[in-house]
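Protein chains: 2
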Amino acid sequence: MEKLKKNRRTYLILRDVIAEKIASGFYQANQRLPSERELAEELQTTRLTLRDALFQLEIEGKVFRMDRRGWYVSGKRLSFDIGLDKGFMTNVSDQGYIPTTELIFCEEEAASGMLAEALNITKGDPVYHIQRKRSINNRPVLIEDIYLDLSRYPGLHHANLDSSLSVVLADIYGIKVKYSDIQITPIAFNDLHAKSLHVSPGTPGTLITRTSYDADCKVMEFDQEYWLSDVLRVELRTSNKY
Amino acid sequence: MEKLKKNRRTYLILRDVIAEKIASGFYQANQRLPSERELAEELQTTRLTLRDALFQLEIEGKVFRMDRRGWYVSGKRLSFDIGLDKGFMTNVSDQGYIPTTELIFCEEEAASGMLAEALNITKGDPVYHIQRKRSINNRPVLIEDIYLDLSRYPGLHHANLDSSLSVVLADIYGIKVKYSDIQITPIAFNDLHAKSLHVSPGTPGTLITRTSYDADCKVMEFDQEYWLSDVLRVELRTSNKY
DNA sequence: AAGTGGTCTAGACCACGTC
DNA sequence: ACGTGGTCTAGACCACTTG
């Protein structure tokens, strides 16, 4: 590797060099890259400049980090059709990946003002808060917070929450989603959520917020999904309004 | 400003200090922050660490950069309801901001393979390519590429493309959008698009791709919008499927 | 012309993951 | 215990924007 020019966007050149090695298959999907010090030496540059190049590739979704574990080559993005209510597990396995869900906690708590508004209840009312971590091929890719109006779902504590919640609500309570209001916001992971996903605080994320309504147009659940941006592509078809 | 501890995520502390000054109104929306060197001195740190803090705030959407011009405090995000086909101009002005559109170019070109597929025509067929830059309160926030099957829209060259394209298509050709297929993908700005928006290459962006269909379910247009992530929140309601 | 942000150098120590 | 990535220092020059 010959010496590159100084002070002239070296990191963009390095970015392209590494991107090319990924495109050509020299580095394979999900493979760990050599250590930063090795790569920097191989490319005749400093660690700092090399890291700039890797950050670029990270934002582009071509590599990802596991905090303090190293850099890995990203796989294909998950295509997430938000109009179908397919659920995470089905959606991921349909695309040939292995999904897993881990329940982090579920507990009763008093509704905050924001939650009360979202669930259309009174502040301080009991809500059921479920937090789950979901992975694709063993890589954690999203943290999900689900909030339910506890008075609507007596005995929910006993249900198995590792799989699809909508199946549970349909089977036990006979309640199905009619439609949902959804917000998609680009965000940065905060320190807590970042830690859960083994990434650095500030990693680019996509927050998908969903308020689901049942056949009576009553709020069924309020849901916040914090996705790592590089794994995701959202798809949808607008409804026909004519 | 007292001296902070070494080697201990100083930049996260600095991030919070600056975020607090923004939240408290000490720094107002759209105001330019002091120069990096000034801020670093004021906060008793190095420019590099200070920049780490600013990058964090950038990913969080709390500040933004104009390339080589400095750091600015972000305003409220634009809420973009993707189900309504309100159009950029109306949408922005409804939320109290001033929208502008600048035509960068429009030209006839031969369809690439990808385009031919999207427009359901044959590779090499003539397409009309329109590129526009759109701004909110004078800040450029998105680059838009529109592709049209030229054989469907004879004489399109003469139309005024500064305003709404859908209005043009409806008024002149009597064609209206029935539904659209949409993809939302987190991306990084490439060097070209970054330059157009006065941001650095690699700035986080959101690509919204839209294929619009008319009443006969024929493709009307294919559209790629490259948004700066920090200005945007996408909203939608899933269609009722029961 | 001055000042700014953008990039880069050549180191260093720390906390954590892995063995 | 070792190596890794994460963070930080104290500079420097360049390209560009602004006055």
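If you read the protein sequences in the order shown, they are chains A and B.
Okay, so the first sequence: first residue is 1 according to the numbering used here, each after it adds one.
Okay, so the second sequence: first residue is 1001 according to the numbering used here, each after it adds one.
Ideal Cβ placement from N, Cα and C applies to all residues, glycine included.
Note that the structure is predicted; figures quoted are calculated from it, not measured.
Cβ-based burial, residue i [other Cβ within 10 Å; buried from 16]
i          : result
Met1114(B) : exposed
Val199(A)  : buried
Val1167(B) : exposed
Lys3(A)    : Here the model assigns Lys3(A) a pLDDT of 38, short of 50, so the residue's position is not dependable, and the following value carries that caveat. Looking at its Cβ environment, which holds fewer than 16 other Cβ atoms inside 10 Å, Lys3(A) is exposed.
His1157(B) : exposed
Arg1015(B) : buried
Gly1205(B) : buried
Thr46(A)   : exposed
Ala1188(B) : buried
Lys1005(B) : In this prediction, Lys1005(B) has a pLDDT of 43, which is less than 50 and means its spatial position is unreliable; nothing more can be read from the coordinates.
Whole-angstrom distance between residue j and residue i, CA atom to CA atom
i          : j          : result
Ser112(A)  : Thr203(A)  : 27 Å
Ser24(A)   : Val1234(B) : 35 Å
Lys123(A)  : Thr209(A)  : 20 Å
Met89(A)   : Leu165(A)  : 11 Å
Ile98(A)   : Leu78(A)   : 12 Å
Glu225(A)  : Tyr1213(B) : 30 Å
Val1017(B) : Arg139(A)  : 33 Å
Tyr179(A)  : Ala53(A)   : 43 Å
Asp1171(B) : Thr1049(B) : 55 Å
Asn1190(B) : Trp1227(B) : 12 Å
Asn1160(B) : His1193(B) : 24 Å
Leu1207(B) : Arg1065(B) : 19 Å
Arg1009(B) : Arg9(A)    : 27 Å
Leu1148(B) : Cys1217(B) : 15 Å
Pro154(A)  : Leu169(A)  : 11 Å
Ala29(A)   : Thr1211(B) : 30 Å
Tyr27(A)   : Lys21(A)   : 6 Å
Thr100(A)  : Ala215(A)  : 30 Å
Glu107(A)  : Gly1096(B) : 41 Å
Glu1038(B) : Leu39(A)   : 34 Å
Residues bridged to residue i [DSSP beta-bridge criterion]
i          : result
Gly1070(B) : Met1066(B)
Ser1213(B) : According to the sequence as given, residue 1213(B) is Tyr; it is not Ser. Answer is Tyr1179(B), Val1219(B).
Val234(A)  : Phe80(A), Ile1184(B)
Thr206(A)  : Pro186(A), Trp227(A)
Gln1131(B) : Phe1105(B), Asp1145(B)
Ile1136(B) : Pro1099(B), Arg1139(B)
Ala1053(B) : According to DSSP, Ala1053(B) bridges with nothing at all.
Pro126(A)  : Ala110(A)
Arg1032(B) : Tyr1072(B)
Residue i vs residue j beta-carbon contact at 9 Å
i          : j          : result
Pro186(A)  : Ser1229(B) : yes
Tyr1173(B) : Leu1150(B) : no
Thr1238(B) : Ile182(A)  : yes
Arg152(A)  : Ile175(A)  : yes
Arg132(A)  : Val141(A)  : no
Arg51(A)   : Glu36(A)   : yes
Leu1232(B) : Ile1143(B) : no
Ile1146(B) : Phe1222(B) : yes
Gln1044(B) : Tyr1072(B) : no
Glu109(A)  : Pro126(A)  : yes
Gly83(A)   : Leu236(A)  : yes
Asp85(A)   : Val177(A)  : yes
Leu1012(B) : Gln1056(B) : yes
Asp1094(B) : Lys1195(B) : no
Contact belief for residue i with residue j at Cβ below 8 Å, rounded distance in angstroms
i          : j          : result
Ile1136(B) : Val1092(B) : 6 Å
Lys1062(B) : Ala1019(B) : 6 Å
Gly1075(B) : Leu1033(B) : Incorrect: roughly 14 Å between the Cβ atoms, too far for contact.
Ile1184(B) : Ile184(A)  : 6 Å
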